[in-house]
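Here's the structure, in structure tokens; my notes come after.
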Amino acid sequence: MRAMSFHPPQRTLMGPGPSDVYPRVLEAMSRPTIGHLDPVFVVMMDELKELLRYAFQTRNALTMPVSAPGSAGMEMAFVNLVEPGDKIIVCQNGVFGGRMQENVERAGGVAVMVDDAWGEPVDPLKVEDALKAHPDAKVLAFVHAETSTGAQSDAKTLAELAQRHGCLTIVDAVTSLGGTPLLVDDWGLDAVYSGTQKCLSCVPGLSPVTFSERALERVKARKTKVQSWFLDLTLVLGYWAGGGKRTYHHTAPINTLYALHEALVVLREEGIENAWARHRRHHEALRAGFEALGLSFVVKPEARLPQLNAIRVPEGVDEAAVRTRLLNEYSLEIGAGLGVMAGKIWRVGLMGCAASQRNVLFCLGALDAVLTDMRAPIQSGVAVGAAMAAYSA
Ligand SMILES: *Cc1c(COP(=O)(O)O)cnc(C)c1O
Numbered sequence: 006m007r008a009m010s011f012h013p014p015q016r017t018l019m020g021p022g023p024s025d026v027y028p029r030v031l032e033a034m035s036r037p038t039i040g041h042l043d044p045v046f047v048v049m050m051d052e053l054k055e056l057l058r059y060a061f062q063t064r065n066a067l068t069m070p071v072s073a074p075g076s077a078g079m080e081m082a083f084v085n086l087v088e089p090g091d092k093i094i095v096c097q098n099g100v101f102g103g104r105m106q107e108n109v110e111r112a113g114g115v116a117v118m119v120d121d122a123w124g125e126p127v128d129p130l131k132v133e134d135a136l137k138a139h140p141d142a143k144v145l146a147f148v149h150a151e152t153s154t155g156a157q158s159d160a161k162t163l164a165e166l167a168q169r170h171g172c173l174t175i176v177d178a179v180t181s182l183g184g185t186p187l188l189v190d191d192w193g194l195d196a197v198y199s200g201t202q203k204c205l206s207c208v209p210g211l212s213p214v215t216f217s218e219r220a221l222e223r224v225k226a227r228k229t230k231v232q233s234w235f236l237d238l239t240l241v242l243g244y245w246a247g248g249g250k251r252t253y254h255h256t257a258p259i260n261t262l263y264a265l266h267e268a269l270v271v272l273r274e275e276g277i278e279n280a281w282a283r284h285r286r287h288h289e290a291l292r293a294g295f296e297a298l299g300l301s302f303v304v305k306p307e308a309r310l311p312q313l314n315a316i317r318v319p320e321g322v323d324e325a326a327v328r329t330r331l332l333n334e335y336s337l338e339i340g341a342g343l344g345v346m347a348g349k350i351w352r353v354g355l356m357g358c359a360a361s362q363r364n365v366l367f368c369l370g371a372l373d374a375v376l377t378d379m380r381a382p383i384q385s386g387v388a389v390g391a392a393m394a395a396y397s398a
């Protein structure tokens, strides 16, 4: 047995997450561990919840980090809002809509699927048809930012439709939070979950969630027990309720919560509108570079996520070999395609602090060099210049 400390290499993370973590966040994590019922910790938690409300643009009292990754936030939304026999409309336009269907069915619900092609946003007309055809549906569930394809759906319009038809909404905002406008209260979203390792540039392992009053009423009116003990909101609430009446539910991941607190302070310092604009600005430069190389985007311009750029692999190029060379020669990670897109696309993330001019120029230069060396059918040597022109335009 080798018993030696583990020292990971320094990478530049430009895939679908995790993204590069702010050094300040890593430093915050190494501060002393204290008890999770310590009064000092409780004060930090109250600040953290307030900072999360800012990130989500909500006044929802029930806004908190779940002690597990984004998938647990997803599961919390479904197990609490779906009762056996409930009909749930689930939009699918990539990998994560499929996971929503799994969650509905495992909670005993009936998923009515609204399918769109991978790379397309959710079509509000199809959703409206489904809402009309299923007036007994309880919830409309959709992914705001589909990380598997880079498509952004119109959460505002979809939420309006749901409200008009008396449905609650469950919204996957794992990749949107902090990277593209997400206005929980203005849009009237009911159950929204996210992750820490995407546009917040925090370490993985927590899932920020927020629930509207309407959603909580639905949970309180349940006729059956929530099937998951750990994710049962009625139990978690006892732990998260402020005012010193906090009781033990589970041991909070103390140091990871310091990290999230710090990442949210960084977001607050920058200003969320500025963070959205920064993601957009660097996306535009990256786009100019990719287009100069001759690479095309999977998603049409009006539905593109700035923080997740899905581009088609040029004809005859071994996409995995390119990623391996980027990792080995440049210590740069970009993402592969998932599901039906495997082998056909690359996913280049500009998430959180990775959305920077340094990263854009580095990624374009490295990709240009590797593709040129592999004699790929691209325009060599022009990508970095095109991005720089976009910055000065
Ligand atoms: C990453 C991601 C998830 C899952 O988050 P984990 O932290 O990996 O569990 C869910 N939905 C979307 C859209 C994601 O991008």
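Numbering of the sequence shown is given in the numbering used here, commencing with residue 6 and proceeding in unit increments. Cβ atoms here follow ideal geometry from the backbone N, Cα and C, with glycine treated the same way.
Open item on the list: Under DSSP, the alpha helix (DSSP H) around R104 begins and ends at which residues?
Closed with: V100 to R111
Open item on the list: Three or more C-beta pairs under 8 Å: does that hold for the region 149 to 168 against the region 183 to 199?
Closed with: yes
TODO: Could you tell me whether the Cβ atoms of I94 and A142 are closer together than 7 Å?
DONE: yes
TODO: Could you tell me the boundaries of the beta strand (DSSP E) in which E338 lies?
DONE: L337 to A341
Task: V132 vs G114 beta-carbon contact at 7 Å - done: no
- [ ] Assuming V214 and Y198 form a contact by the criterion Cβ under 8 Å, report the distance between their Cβ atoms to the nearest whole angstrom.
- [x] 5 Å
Task: 6 Å Cβ shell around A315 - same chain, five flanking residues per side excluded - done: T154, G155, V303, I350 and R352
- [ ] For P401, write down the residues that DSSP places opposite it in a beta bridge.
- [x] Since the displayed the chain opens at 6 and closes at 398, residue 401 lies outside it and no answer follows.
- [ ] Tell me, to the nearest whole angstrom, how far the beta carbon of M356 is from that of S24; I am working on the premise that it is less than 8 Å.
- [x] 4 Å
TODO: Determine the DSSP secondary structure at I277, reduced to helix, strand or coil.
DONE: helix
- [ ] Thinking L376 and V327 are a contact (beta carbons under 8 Å), I'd like their distance in whole angstroms, please.
- [x] 7 Å
- [ ] Count the C-beta pairs between the region 265 to 276 and the region 39 to 53 that are closer than 8 Å, then say yes if the count reaches three, no if not.
- [x] yes
- [ ] Mind checking which residues open and close the beta strand (DSSP E) that includes T17?
- [x] T17 to M19
Open item on the list: Looking at chain B, is there any beta carbon in it that lies within less than 7 Å of the beta carbon of M118?
Closed with: Of the chains in the structure shown, none is chain B; there is only one protein chain.
TODO: Measure the C-alpha to C-alpha separation of F46 and L343 and round it to an integer number of angstroms.
DONE: 40 Å
Task: Burial state of F83, where buried means 16 or more other Cβ atoms lie within 10 Å - done: buried
TODO: Use the C-beta contact count for L31: other C-beta atoms within 10 angstroms, 16 or more gives buried, fewer gives exposed.
DONE: exposed
Task: Alpha carbon of C368 to alpha carbon of C96, nearest angstrom - done: 33 Å
- [ ] Answer yes or no: the CB of S181 versus the heavy atoms of ligand 1, is any distance below 6 Å?
- [x] no
Task: Secondary structure of M118, DSSP reduced to three states - done: strand
TODO: With hydrogens ignored, establish whether the beta-carbon of P23 is closer than 6 Å to any heavy atom of ligand 1.
DONE: no
Open item on the list: Strictly by DSSP, which residues pair up with E151?
Closed with: A156
Task: Check: G321 C-beta below 6 Å from any heavy atom of ligand 1 - done: no
Open item on the list: Taking the straight line between their C-alpha atoms, what separation do you get for R64 and L18?
Closed with: 33 Å
Open item on the list: Among the candidates S181, K54, E334 and L145, whose CA atom is the shortest distance from the CA of G171?
Closed with: L145
TODO: Tell me whether R222 is buried or exposed, calling it buried when 16 or more other Cβ atoms sit within 10 Å of its Cβ.
DONE: In the sequence as presented, Arg is not what sits at residue 222; that position holds Glu. Exposed.
TODO: Count the C-beta pairs between the region 292 to 308 and the region 387 to 396 that are closer than 8 Å, then say yes if the count reaches three, no if not.
DONE: yes
- [ ] Just mark L130 as buried or exposed, buried being the case when its beta carbon has 16 or more other beta carbons within 10 Å.
- [x] exposed
Open item on the list: Quick check: what's the CA-CA separation for P13 versus H139?
Closed with: 51 Å
Task: Residues that DSSP places opposite A146 in a beta bridge - done: V95 and I175
Task: Cβ shell of A359 (< 6 Å), same chain only, five flanking positions each side left out - done: M19, S24 and D25
TODO: Classify Y27 as buried or exposed, calling it buried when 16 or more other Cβ atoms lie within 10 Å of its own Cβ.
DONE: buried
Task: Selected residue, minimal CA-CA separation from N373, among N364, R227, R363 and S385 - done: First, the residue type needs correcting, since residue 373 is Asp and not Asn in the sequence shown. Residue S385 is the option with its Cα nearest to D373.
Open item on the list: Going by beta-carbon coordinates alone, are V117 and H149 separated by less than 7 Å?
Closed with: no
- [ ] Just confirm the distance between the C-beta atoms of Q403 and T229, as a whole number of angstroms; I'd bet it's less than 8 Å.
- [x] It is not possible to answer for residue 403, since the shown part of the chain is limited to 6 through 398.
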